[in-house]
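Everything below concerns the one structure shown next.
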Amino acid sequence: MVNPNVQGKQYPATAPYLVGREKIREFAHAVKSTSATNLDLFAAQAAGYEDLVAPPTFAVVIQERSLAAVLADPEADIDFSRVVHGDQRFSYVRPIVAGDELTSVLTVASVKSLGAHSMVTFETKIFDVEQNLVCTAMSTLVVRGDE
Amino acid sequence: MTIKFEDLEVGAAIGSLEFLLTRDSLVRYAGASGDFNQIHYRDDVAAEVGLPGVLAHGMLTMGAAVQVAVNWVGDSGRIADYQVRFTKPVVVHPQDGAVLVVSGKIGALNAEERTARVDISAIFNETAVLGKAQAVVRF
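Chains as they are written, first to last, in this note's numbering: chain R, 1 to 147; chain S, 148 to 286.
Here it is, written out as structure tokens:
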């Protein structure tokens, strides 16, 4: 069972992540994007962006980094081998573009139990170097209990 | 071809896409995303934890499915919000992979914010694998 007392717990901001142009291309290919603003610098600039635009689910790379702290937290007591992804949401203030330097702050939004299982919802707020909010990522993990 | 907000109608189809997810796709996604959970590339580990086989990352399915909306507007930077529920696993056969069929239709329009909500369906093996898959597109 996930410790219900971690509800509301906030974890320290992650180290800055520099979004690379080739990382965006690599991620775009991996999610089977053929979108020009993800892959072609001139197309991205013609559309008004400073650099390549990250695909809509790219923020998961940043979310993963803050989740790692929770999964390593003995107080939260989350057994990763029993984790199933329940739902995911990304709400963007603006798109992520290459050259962004992003940090994230994760809060445990809720811990609920559902029989032997636990459902934990995390809110990850992603900020740019000026401390402006870029994206809010909400993720619910289902942690399977003993059958 | 630029799509005008004024021309949009709720219920209208925006297109469909078919993806072949192979084991190679999963390895590529693991590397790109940093999600190296072994259930996405090792049959023995998948079997040990009681899964029917190696599964595609839910986030790969989510990331591929939204491409139907991205292709429609032609710019992923216009996806303001995107959410899904993971309802069924996508089992990826070692030789044949898994075929994911994605389609989208306009679910709602917000004239004030000039946004369209695209409702996305993702089908594997005749079963919907995403629930409440919605992308909000800015116009």
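The beta carbon of each residue, even a glycine, is placed where N, CA and C say it ideally should be.
* Looking at C-alpha atoms only, which residue of R:L133, R:S139, R:G48 and R:K32 is the closest neighbour of S:N218? -> The residue from R:L133, R:S139, R:G48 and R:K32 with its alpha-carbon nearest to that of S:N218 is R:K32.
* Asked: Leaving out the 5 sequence neighbours to the left and right, which residues in its chain are closer than 8 Å to S:L202 when beta-carbon positions are compared?
  -> Excluding the 5 residues flanking it on each side, S:L202 has same chain C-beta neighbours closer than 8 Å at I186, H187, A193, P236, V237, V238 and V239, in chain order.
* Helix, strand or coil at S:I150 according to DSSP, with G and I counted as helix -> Note: S:I150 maps to coil in three-state DSSP.
* Taking three-plus beta-carbon pairs below 8 Å as touching, is the segment 88-95 of chain R in contact with the segment 128-138 of chain R? -> Yes, since at least three Cβ pairs between the segment 88-95 of chain R and the segment 128-138 of chain R fall closer than 8 Å, the two stretches touch.
* Along chain S, in chain order, which residues have C-beta atoms closer than 7 Å to that of R:N38? -> S223, listed in chain order.
* **R:G86 at chain A interface by Cβ criterion, 8 Å** => Checking the listed chains, one finds no chain A in this structure; the protein chains it contains are R and S.
* Tell whether a beta-carbon distance below 8 Å holds between S:I161 and S:K252. => Going by C-beta atoms, S:I161 is nearer than 8 Å to S:K252.
* Kindly indicate the opening and closing residues of the beta strand (DSSP E) around R:A15. => Per DSSP, R:A15 lies in no beta strand (DSSP E) and is assigned neither H nor E.
* To do: Report whether the distance from the Cβ of S:M206 to the nearest heavy atom of the ligand ATP is below 7 Å.
  => Within the structure as shown, the ligand ATP is missing, as the structure has no ligands at all.
* **Beta-bridge pairing of R:K112 - partner residues as DSSP gives them** => Beta-bridge pairing links R:K112 to R:M119.
* Three-state class that DSSP yields for R:G8 in the structure shown -> If DSSP states are grouped into helix, strand and coil, R:G8 belongs with coil.
* Would you grab the beta carbon distance between S:T262 and S:V276 for me? Rounded to a whole angstrom, and I think it's under 8 Å. => Contact doesn't hold; Cβ gap of about 26 Å is too wide.
* Is the beta carbon of R:F127 sitting closer than 8 Å to the one on R:V70? -> No, they are not a contact pair.
* Quick one, which of R:G145, R:A47 and R:G8 has its alpha-carbon nearest S:S354's? -> Residue 354 of chain S lies beyond the range of chain S shown here (148 to 286); nothing can be said about it.
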